[in-house]
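Asker: Please read through the structure below; I'll follow up with questions.
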DNA sequence: ATGTGCATGTAATCAGTTACATGATTCC
DNA sequence: GGAATCATGTAACTGATTACATGCACAT
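Structure (structure tokens):
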């Protein structure tokens, strides 16, 4: 593939587990080429060449090493959850806006990931078709099954976030209703449930 | 607090939604001081001073602005899920190891987050006690409720990851069992369920 | 004396974002 | 002719990691 193709895959297309802008992709491709992990063929159509990359034997070995070693999950850094922790500094409306943005974001992504899972299960994505059409690749069941499992994980994550945001909205409503009530006499909360 | 105190809070203590090493904290504190968001008091005990920071009025305003504007979640970048997508390049044992590491990691964090939720609900964490003891702060219910909600989100995320990893392990077992079987005659899958 | 915890930094490097920059081709 | 898409880069900056570096206080 070319850098441009990759940018599409990362950005607009279906590979929704990793994002990278083209400004990161092009230099990285050059670095990988210099390291011998990929090789480019320059195609001239019209005047300017485009560089079509393919993996080398060394690159394949590197890829296999990478999948073989389990990567330890990174230290948590969750901007949304961090901000939630300090929502008492915001107005009720701002707090609601916080959860609504979260909800809408993950609702969109839930749909994207879900439809991608369907496409994978149907073996309908261009990349997957290419992989399955190639010869000498291992178990086609495994190729599909691992991807489906990965993206199902993303779908569930999104579902969780949508639900969590909904509960957040309900929480804000409750806190606001509670705050509007006349302040209770200390100790009085025992008498009424 | 001092930079050291903050590093503890970020690193070893209970604030499990954001991580930062001290090498990032100290310069950042100096920058925030230069910007007038925090002010330091140098305490001399023995010989070397330690710098105890407190938020300023400007800093408080900045904090309120930060919580008021909803932050749009970042583009997805999920190393574990990415690797899962290419597990067909790994051996079954390496694939299992991948999911086991994931499982153990999130099992540990699930426990941490869950016990933190309990502590928050009991108003038992040192930081929360300090906040609630301070005067002129708003609704104590809200202070606790938002934090509990945030950390409950983390607990559920961890539960999801644990379950997802378990299913991953089952998937690898199935794929391996399937691969060990004599290769089926094409079309034969119709006759037996 | 030795190790643990308190306490504060710097330096080199890497990863990632945003903006700047260009030009060809193809479709309407 | 103009817009969208193909196609490839660089530059400045910010955020984050890893390693290097130092020194005090206190308990065993």
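Protein chains in written order, with our numbering: chain A, 1 to 193; chain B, 1001 to 1193. Every residue gets a Cβ at the ideal spot worked out from N, C-alpha and C, and that includes glycine.
Please classify residue 1088 of chain B: does DSSP put it in a helix, a strand, or coil?
Answerer: If you number the second chain from 1, residue 1088 of chain B lands on position 88. Helix at residue 1088 of chain B.
Asker: For residue 1174 of chain B, is the classification buried or exposed, using 16 other Cβ atoms within 10 angstroms of its Cβ as the cut-off for buried?
Answerer: Here residue 1174 of chain B is taken as the residue at index 174 of the second chain, counted from 1. With fewer than 16 other Cβ atoms within 10 Å, it is exposed.
Asker: By how many angstroms is the C-alpha of residue 1034 of chain B removed from the C-alpha of residue 1059 of chain B?
Answerer: For the purposes of this step, residue 1059 of chain B is identified with residue 59 of the second chain, where counting begins at 1. For the purposes of this step, residue 1034 of chain B is identified with residue 34 of the second chain, where counting begins at 1. Those two C-alpha atoms are separated by around 11 Å.
Asker: What are the residues of the region 134-159 of chain A that lie near chain B, defined by any Cβ-Cβ distance shorter than 7 Å?
Answerer: Cβ contacts with chain B: 138, 139, 141, 142, 143, 145, 146, 147, 149, 150, 153, 154, 156 and 157.
Asker: Grab me the residues of residue 129 of chain A's own chain with a C-beta within less than 8 Å of its C-beta, minus the 5 sequence neighbours each way, in chain order.
Answerer: Residue 129 of chain A sits at position 129 when you count from the first residue of the first chain. These residues qualify, in order along the chain: 123.
Asker: Suppose contacts are defined by Cβ-Cβ distances below 7 Å. Is residue 1070 of chain B in contact with residue 98 of chain A by that definition?
Answerer: Here the question's residue 1070 of chain B lines up with position 70 in the second chain. Here the question's residue 98 of chain A lines up with position 98 in the first chain. Going by C-beta atoms, residue 1070 of chain B is nearer than 7 Å to residue 98 of chain A.
Asker: Using the beta-carbon of each residue, which ones in chain A are nearer than 7 Å to residue 1080 of chain B?
Answerer: Along the second chain, one-based indexing puts residue 1080 of chain B at 80. Those are 71 and 73, listed as they occur along chain A.
Asker: Let me know the alpha helix (DSSP H) ranges lying completely inside the region 1001-1028 of chain B, each 4 residues or longer, listed in chain order.
Answerer: Runs of the alpha helix (DSSP H) inside the region 1001-1028 of chain B: 1003-1011.
Asker: As an exercise, report each continuous beta strand (DSSP E) stretch of at least 3 residues that is fully enclosed by the region 1034-1118 of chain B, in chain order.
Answerer: Runs of the beta strand (DSSP E) inside the region 1034-1118 of chain B: 1038-1044 and 1049-1055.
Asker: Which class does residue 1123 of chain B belong to by DSSP, given the choice of helix, strand or coil?
Answerer: Here residue 1123 of chain B corresponds to residue number 123 of the second chain, with the count starting at 1. Residue 1123 of chain B: coil per DSSP, three-state reduction.
Asker: Please report the straight-line C-alpha distance between residue 112 of chain A and residue 1074 of chain B, rounded to a whole angstrom.
Answerer: Within the first chain, the letter at position 112 stands for residue 112 of chain A. Within the second chain, the letter at position 74 stands for residue 1074 of chain B. Approximately 16 Å, taken between the alpha carbons.
Asker: Closer than 8 Å is the cut-off here; do at least three beta carbon pairs connect the region 86-103 of chain A with the region 1133-1142 of chain B?
Answerer: With a cut-off of 8 Å, the region 1133-1142 of chain B and the region 86-103 of chain A count as touching, because enough Cβ pairs lie within range.
Asker: Helix, strand or coil: how does DSSP classify residue 1181 of chain B here?
Answerer: Taking the first residue of the second chain as 1, we reach residue 1181 of chain B at position 181. In this structure, residue 1181 of chain B counts as coil in the three-state DSSP scheme.
Asker: When we look at the beta-carbon of residue 1077 of chain B and count the other beta-carbons within 10 Å, is it buried (16 or more) or exposed?
Answerer: Residue numbering aside, residue 1077 of chain B sits at position 77 when the second chain is read from its first letter. Looking at its Cβ environment, which holds fewer than 16 other Cβ atoms inside 10 Å, residue 1077 of chain B is exposed.
Asker: Count the other C-beta atoms from every protein chain shown that fall within 10 angstroms of the C-beta of residue 135 of chain A, then say buried if there are 16 or more, exposed otherwise.
Answerer: Position 135 of the first chain, counted from the start, is the residue given in the question as residue 135 of chain A. Exposed, by the Cβ-count rule.
Asker: Here's a check: name, in chain order, each residue in its chain whose Cβ is nearer than 8 Å to the Cβ of residue 61 of chain A, leaving out the five neighbours to either side.
Answerer: Sequence index remark: in the first chain, residue 61 of chain A carries index 61 (1-based). None.
Asker: Counting contacts by CB-CB distance shorter than 7 Å, is residue 28 of chain A in contact with chain B?
Answerer: If you number the first chain from 1, residue 28 of chain A lands on position 28. No, because no Cβ of chain B sits closer than 7 Å to the Cβ of residue 28 of chain A.
Asker: Quick one: Cα of residue 1079 of chain B to Cα of residue 1022 of chain B, how far?
Answerer: As a position in the second chain, residue 1079 of chain B is number 79, starting the count at 1. As a position in the second chain, residue 1022 of chain B is number 22, starting the count at 1. For residue 1079 of chain B and residue 1022 of chain B, the distance between alpha carbons rounds to 25 Å.
Asker: Taking the alpha-carbon positions, what's the residue 158 of chain A to residue 36 of chain A distance?
Answerer: For the purposes of this step, residue 158 of chain A is taken as the residue at position 158 of the first chain. For the purposes of this step, residue 36 of chain A is taken as the residue at position 36 of the first chain. In a straight line, the C-alpha of residue 158 of chain A is about 38 Å away from that of residue 36 of chain A.
Asker: Please go through the same chain and pick out, in chain order, the residues whose beta-carbon is closer than 7 Å to the beta-carbon of residue 56 of chain A, but skip the five residues on each side of it.
Answerer: Here residue 56 of chain A refers to the residue found at position 56 of the first chain. Around residue 56 of chain A: 36, 37, 38 and 39.
Asker: Compare the C-beta of residue 1179 of chain B against all C-beta atoms of chain A and say whether one is closer than 7 Å.
Answerer: Locating residue 1179 of chain B in the second chain gives position 179, where the first residue counts as 1. Judged by the 7 Å Cβ criterion, residue 1179 of chain B is in contact with chain A.
Asker: Could you have a look at residue 1192 of chain B and say whether DSSP puts it in helix, strand or coil?
Answerer: Numbered from its first residue, the second chain carries residue 1192 of chain B at position 192. Because residue 1192 of chain B carries a pLDDT of 46, less than 50, the predicted location of this residue cannot be relied on, and no value is offered for it.
Asker: Are the CB atoms of residue 1043 of chain B and residue 1003 of chain B within a distance shorter than 7 Å?
Answerer: The sequence position of residue 1003 of chain B within the second chain is 3, counting from 1. The sequence position of residue 1043 of chain B within the second chain is 43, counting from 1. Contact flag unset, no.
Asker: If I measure Cβ to Cβ from residue 1114 of chain B and keep anything under 7 Å in the same chain, skipping five residues before and after, which residues do I get?
Answerer: Locating residue 1114 of chain B in the second chain gives position 114, where the first residue counts as 1. Cβ neighbours of residue 1114 of chain B beyond the five flanking positions: 1155.
Asker: What does residue 1090 of chain B reach in chain A if we use C-beta pairs closer than 7 Å?
Answerer: Within the second chain, the letter at position 90 stands for residue 1090 of chain B. Per Cβ cutoff of 7 Å: 67 and 68.
Asker: Comparing C-alpha positions only, which one of A:120, A:153, A:138 and A:84 sits nearest to residue 1178 of chain B?
Answerer: Counted from its first residue, the second chain places residue 1178 of chain B at position 178. Measuring from the Cα of residue 1178 of chain B, the nearest candidate turns out to be A:138.
Asker: Determine whether the Cβ of residue 5 of chain A lies closer than 7 Å to any Cβ atom of chain B.
Answerer: Walking along the first chain from the start, residue 5 of chain A turns up at place 5. Not closer than 7 Å to any Cβ of chain B, the Cβ of residue 5 of chain A fails to qualify, so no.
Asker: Can you give me, in chain order, the residues of the region 94-112 of chain A that have a beta carbon less than 9 Å from any beta carbon in chain B?
Answerer: Listed by position along the chain: 94, 95, 97, 98, 99, 100, 101, 102, 105, 106 and 109.
Asker: Mapping the DSSP letters down to three states, classify residue 1134 of chain B as helix, strand or coil.
Answerer: Against the second chain, residue 1134 of chain B aligns to sequence position 134. In the structure shown, residue 1134 of chain B sits in coil (DSSP, three-state: anything other than H, G, I, E or B).
Asker: Just mark residue 1132 of chain B as buried or exposed, buried being the case when its beta carbon has 16 or more other beta carbons within 10 Å.
Answerer: Along the second chain, one-based indexing puts residue 1132 of chain B at 132. With fewer than 16 Cβ atoms within 10 Å of its Cβ, residue 1132 of chain B is classed as exposed.
Asker: By the 10 Å Cβ neighbour count, where 16 or more other Cβ atoms means buried, how is residue 67 of chain A classified, buried or exposed?
Answerer: Stepping through the first chain from its first residue, residue 67 of chain A is reached at position 67. Buried, since its Cβ has 16 or more Cβ neighbours within 10 Å.
Asker: Residues of chain A with a CB under 7 Å from the CB of residue 1117 of chain B: which are they?
Answerer: Position 117 of the second chain, counted from the first residue, corresponds to residue 1117 of chain B. Those do not exist, as residue 1117 of chain B stays about 12 Å from chain A at its closest Cβ, beyond 7 Å.
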